[in-house]
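Colleague: Residue numbers (this note's numbering): 397 to 780. Beta carbons: idealized from backbone N, C-alpha and C, even for Gly. One structure follows; several queries about it will come next.
This is how it looks when you write it as structure tokens:
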């Protein structure tokens, strides 16, 4: 486990391409801070993408760094609305490769998202869907698109072409806040460190853009050309890590926990917020969440605690999906068979990650029974 990943809250999505297709560069990206690899099907062949997926999986296992894979489906700017025709082939590929997320381009309605999910269901696969907000209709229907999907991407490049460019910064902030309040991940994307395609250092404006995206509440920041075709792919990731860590020193953690007390749709959310509030009050070193389907970790992430969320799961697919969530560090462990074992594993995790030492406090949270997805009903202050 990379200690830097455990203390950095915002995640980094790196697009793989000609500049980052070798095992050597992918390994450096993983060590440098890449949490999720993005493959853009608008470029390259399916065989090339298949090889990259296998390489990311192999290296992430070798380095013991959980890494998600986001498959970006191109769609069409001039679509007829026939989702089956536009996405079928690429969804077949996504299903065969077991990717962790698919991103849908130029989607304008919740109905289209539903049709994609129905296609995936017919393939007997469950792949979370990220909707790219790229056009005015999608921006206007962001609430229904968020409800229909598992998250959104603020695709600022195409968005700037479809609405006035001066409206993009405000749209970014509004979309991030909307996603934050409903507890779904949001990726901020496009030209974040664009000058690093050719330069070893970013501009001051780019550094400020990255920092502001962190402070806005992004779950993840995405690099596109910077890592796909740029001359400095590893430096781009490492630079983004440094900027993000610095921005997080002034992130309003406690303010967010307080503000979001009025956005508790159900009792399980109240338990997650209570865990974050308790962590602040007792100065816990970490929040250790036992999660079967990822829901407990997702709920905790919504409240943006300062403490890292160590999400313990027995399922590899969930471990990889959790790499997108703000503040969540996924950890693979066999499922505990009893409540006593929950606390023993929590102690092991706290010590193994070196986030706590004997006598320190951590918050342990889980859903009982342990293998029942969707419940978060246990919160305990625990001494390591």
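Who does residue 616 pair with in a DSSP beta bridge?
Modeller: Answer is 407 and 583.
Colleague: Leaving out five residues on either side along the sequence, give the residues of the same chain with a beta carbon under 8 angstroms from the beta carbon of residue 474.
Modeller: Only weak support is given to the placement of residue 474: the predicted model assigns it a pLDDT of 42, under 50, and the value that follows is read from those uncertain coordinates. Around residue 474: no qualifying Cβ.
Colleague: Return helix, strand or coil for residue 725, following the three-state DSSP convention.
Modeller: If DSSP states are grouped into helix, strand and coil, residue 725 belongs with the strands.
Colleague: So, under 8 angstroms CB-CB, residue 544 and residue 509 are touching, yes? Tell me the CB distance rounded to an integer number of Å.
Modeller: That pair is a contact at about 4 angstroms.
Colleague: With distance defined between alpha-carbon atoms, name the residue in 445, 463 and 532 nearest to residue 713.
Modeller: Answer by Cα proximity: 463.
Colleague: Quick one: Cα of residue 748 to Cα of residue 507, how far?
Modeller: The straight-line gap from Cα to Cα measures roughly 45 angstroms.
Colleague: Give the DSSP-derived three-state secondary structure of residue 400 in the structure shown.
Modeller: In this prediction, residue 400 has a pLDDT of 47, which is less than 50 and means its spatial position is unreliable; what the coordinates show is noted afterwards. Helix, per DSSP.
Colleague: Count the other CB atoms, across all protein chains shown, that sit within 10 Å of the CB of residue 468; report buried if there are 16 or more and exposed otherwise.
Modeller: Buried: at least 16 other Cβ atoms inside 10 Å.
Colleague: Alpha carbon to alpha carbon, how far is residue 680 from residue 674?
Modeller: Straight-line Cα distance between these residues: approximately 8 angstroms.
Colleague: Does residue 474 come out as helix, strand or coil in the three-state DSSP assignment?
Modeller: Any answer about residue 474 is weak, because its pLDDT of 42 lies below 50 and its placement is not dependable; what the coordinates show is given next. Residue state, collapsed to three classes: coil.
Colleague: Taking buried to mean at least 16 other C-beta atoms within 10 Å of its own C-beta, is residue 522 buried or exposed?
Modeller: Residue 522 is exposed by the Cβ-count criterion.
Colleague: So, does the region 616-626 touch the region 652-659, judging by three or more C-beta pairs under 8 angstroms?
Modeller: Contact between the region 616-626 and the region 652-659 is absent, because fewer than three Cβ pairs lie under 8 angstroms.
Colleague: Starting from residue 779, follow the beta strand (DSSP E) in both directions and report where the run begins and ends.
Modeller: 774-779 is the extent of the beta strand (DSSP E) around residue 779.
Colleague: Run the CB neighbour count on residue 552, radius 10 Å, all protein chains shown included, and call it buried at 16 or more, exposed below.
Modeller: Buried is the call here.
Colleague: Cutting at 7 angstroms between CB atoms, please list the residues of its own chain near residue 695, excluding the five before and the five after it.
Modeller: Answer for residue 695: 579, 664, 665, 668 and 772, listed in chain order.
Colleague: If you follow the beta strand (DSSP E) that residue 547 is part of, which residue opens it and which one closes it?
Modeller: Taken as a continuous stretch (DSSP letters only), the beta strand (DSSP E) holding residue 547 covers 547-551.
Colleague: Quick one: what does DSSP say residue 686 is sitting in, helix, strand or coil?
Modeller: Strand at residue 686.
Colleague: Once DSSP output is grouped into helix, strand and coil, what is the label at residue 430?
Modeller: Reduced to three states, the DSSP call for residue 430 is coil.
Colleague: For residue 528, count neighbouring C-beta atoms within 10 Å of its own C-beta (all shown protein chains included) and say buried if the count is 16 or more, exposed if not.
Modeller: Counting Cβ neighbours within 10 Å, residue 528 comes out buried, since at least 16 surround it.
Colleague: Which parts of the region 477-564 are runs of the alpha helix (DSSP H), unbroken and 4 residues or longer, counting only runs that do not cross its ends?
Modeller: Segments of the alpha helix (DSSP H) lying fully in the region 477-564: 479-493, 506-518, 532-536, 538-544 and 552-558.
Colleague: Please determine whether the Cβ atom of residue 414 lies at a distance below 7 angstroms from any heavy atom of the ligand FMN.
Modeller: In terms of ligand content, the structure shown is empty, and the ligand FMN therefore cannot be addressed.
Colleague: Quick check on the DSSP output: what are the complete beta strand (DSSP E) runs of length 3 or more inside the region 617-698, in order along the chain?
Modeller: Counting whole runs of 3 or more residues, the region 617-698 contains the beta strand (DSSP E) stretches 683-686.
Colleague: Check whether the Cβ atoms of residue 705 and residue 693 lie closer than 8 angstroms to each other.
Modeller: Contact: yes.
Colleague: Based on Cα-Cα distance, which residue from 639, 403, 438 and 405 lies nearest to residue 413?
Modeller: Of the listed residues, the one whose Cα sits closest to residue 413 is 438.
Colleague: With H, G and I counted as helix, E and B as strand and the rest as coil, what does DSSP make of residue 756?
Modeller: If DSSP states are grouped into helix, strand and coil, residue 756 belongs with coil.
Colleague: Here's the rule: buried if 16 or more other CB atoms are within 10 angstroms of the residue's CB, otherwise exposed. What is residue 520?
Modeller: Residue 520 comes out exposed.
Colleague: Among 645, 559 and 409, whose alpha-carbon lies nearest the alpha-carbon of residue 431?
Modeller: Answer by Cα proximity: 409.
Colleague: So, are the CB atoms of residue 630 and residue 421 less than 8 angstroms apart?
Modeller: Their beta carbons are under 8 angstroms apart, which means residue 630 touches residue 421 by this criterion.
Colleague: According to DSSP, what are the bridge partners of residue 468?
Modeller: Per DSSP, 436 and 499.
Colleague: Around the C-beta of residue 782, are 16 or more other C-beta atoms found within 10 angstroms, so that it is buried, or is it exposed?
Modeller: Given that the chain is displayed from residue 397 to residue 780, the structure contains no residue 782 and the question cannot be resolved.
Colleague: Within the same chain, show all residues whose beta-carbon is closer than 8 angstroms to that of residue 654, passing over the 5 residues directly before and after it, in chain order.
Modeller: No residues qualify anywhere along the chain.
Colleague: Identify whether residue 412 lies in helix, strand or coil by the three-state DSSP scheme.
Modeller: Three-state DSSP puts residue 412 in coil, outside helix and strand.
Colleague: Less than 8 angstroms separating the beta-carbons of residue 465 and residue 495?
Modeller: For residue 465 and residue 495, yes; Cβs fall inside 8 angstroms.
Colleague: On a CA-only basis, which of 445, 595 and 682 is nearest residue 403? Give me that one, please.
Modeller: When each option's Cα is compared against that of residue 403, the closest is 682.
Colleague: From this set, 717, 770 and 670, which residue's C-alpha is nearest residue 760's C-alpha?
Modeller: Of the candidates 717, 770 and 670, the one whose C-alpha sits nearest the C-alpha of residue 760 is 670.
Colleague: Under a Cβ-count criterion, where at least 16 other Cβ atoms within 10 Å of its own Cβ denotes burial, should residue 457 be classed as buried or exposed?
Modeller: It counts as exposed.
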